[in-house]
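Asks: Sharing a structure, written as structure tokens. Questions coming.
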Amino acid sequence: MKKLANVSSKQFIMIREVDDAEHSFILPHLENLSQFEKHIDRLNDVYLELEEINNSVTHSNKQTELLKHLKTFFFSFKTFHDHWETLLKRTFTVNSPQWLNFKSQKSYEYDNTFAYRFIYHLRNYVQHCGMPHIQLKANLNERDEPEYRLLLNVEQLLETYDWKPIIINDFKLLEGDLDLLHLLNNIKQPLANIQIKAINCLNILSVLESAKAVLEYRKFKQDGFELAIFEYLEMHVSGSPKNTSMIIFPFGLAEHVIKNITGV
């Protein structure tokens, strides 16, 4: 038995039955959005760690907290790239137009954004050499507000790793130490550009259609509740459902898709 229901942590309100035809129609759309959400969550994980790094610098004096979030950031940074490369290779094969478009976008960001280029190689440095020495500095700006920097000594970096020639040339153009915090906060747009290119390689119109189909059900949702398809196989003697499963309608995600993908 399948029912459309409004659910919360304390209440469960049945709306109506969902027959097999309706379930067969809406379930693929829900699954399509769920899969799409897993794709975009890779970048959200990177952004979350960037936020944690900034919080560690501005609100915590614990070096261990900062190092923990830096390590997690580099892991999620690599996972982001690995996820899209693996997915696109498996979906379209190497040297397909989609794969080449994705690689072209990565190359563009690498060639045109020092922050992305350096962080890309710094992740390899951390993997092979460990975390470099980082000096936290704070100064008051003209409004008497603290401004923080995470400084990396360029000479130490050069002495402890075999950097690519392009990075060595970058180092030669620098005056003084590298501000890691500034660089980290400047890779959001390059990563977003890469993700947009990767998403557009997929069957994005099917995701858009799924979002539209899901939003048709928003009229059933009550304030303070989640709308769900509730399935159960039998009833307890007390009259409550037994052996249940539930799929939540992701209206927020569907709205995000409509807002950001319409017209692609």
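If you're matching positions, the sequence shown starts at 925 in our numbering and goes up one per residue.
Cβ coordinates follow ideal geometry from the N, Cα and C atoms, glycine included.
None of the values given here were measured: they were computed from a predicted structure.
(1) DSSP three-state label for D1103, please.
(2) Is K927 near I939, with beta carbons less than 9 angstroms apart?
(3) If E1115 sits next to V970, beta carbons under 8 angstroms apart, how far is it from one beta carbon to the other, in whole angstroms?
(4) Please list the terminal residues of the continuous alpha helix (DSSP H) segment that includes V970.
(5) On a Cα-Cα basis, can you pick out the residue from L1132, I1043, K1013 and R1014 that is closest to E961?
(6) Say whether the segment 1127–1144 touches the segment 1166–1176, bearing in mind that this needs 3 or more beta-carbon pairs closer than 8 angstroms, one atom from each stretch.
(7) Pick helix, strand or coil for P1174, following the three-state DSSP scheme.
(8) By Cβ distance, which residues of its chain are closer than 8 angstroms to H947, with the 5 residues on each side in sequence left out?
(9) What is the residue span of the beta strand (DSSP E) that I1118 lies within?
(10) Return the first residue and the last residue of the alpha helix (DSSP H) that F1026 is part of.
(11) Alpha carbon to alpha carbon, how far is G1100 from L1032? Give it in angstroms, no decimals.
(12) Which residue wins for smallest C-alpha separation from I1090, given the options A1122, H1106 and H1045?
(13) Which two residues bound the contiguous alpha helix (DSSP H) that contains N1093?
(14) What first and last residue would you give for the alpha helix (DSSP H) that runs through E941?
(15) Taking the CB atoms as reference points, tell me whether L1107 and L1081 lie closer together than 9 angstroms.
(16) Which two residues bound the contiguous beta strand (DSSP E) that contains K926?
Replies: Looking at the atomic coordinates:
(1) Collapsing the DSSP output to three states places D1103 in a strand.
(2) K927 is a Cβ neighbour of I939, given a cutoff of 9 angstroms.
(3) For clarity, residue 1115 is Leu in the given sequence; the question names Glu instead. About 6 angstroms separates the two Cβ atoms, so the contact holds.
(4) Under the DSSP assignment, V970 falls in the alpha helix (DSSP H) whose first and last residues are D944 to H983.
(5) The shortest CA-to-CA distance from E961 to any of L1132, I1043, K1013 and R1014 is the one to L1132.
(6) These segments touch.
(7) In this structure, DSSP gives P1174 a state outside helix and strand, which the three-state scheme calls coil.
(8) Beyond the five residues adjoining it in sequence on each side, H947 comes within less than 8 angstroms, by CB distance, of K926 and I1153 in the same chain, given in chain order.
(9) For I1118, there is no enclosing beta strand (DSSP E); the residue is found in the alpha helix (DSSP H) stretching over K1112 to C1125.
(10) Taken as a continuous stretch (DSSP letters only), the alpha helix (DSSP H) holding F1026 covers P1021 to N1036.
(11) Reading off the sequence, residue 1032 comes out as Tyr, not Leu. Each residue's alpha carbon lies about 27 angstroms from the other.
(12) The option with the nearest alpha carbon to I1090 is H1045.
(13) For N1093, the enclosing alpha helix (DSSP H) starts and ends at P1089 to K1096.
(14) For E941, no alpha helix (DSSP H) segment is defined; the enclosing uninterrupted segment is the beta strand (DSSP E) at F936 to E941.
(15) No.
(16) DSSP places K926 in the uninterrupted beta strand (DSSP E) bounded by K926 to V931.
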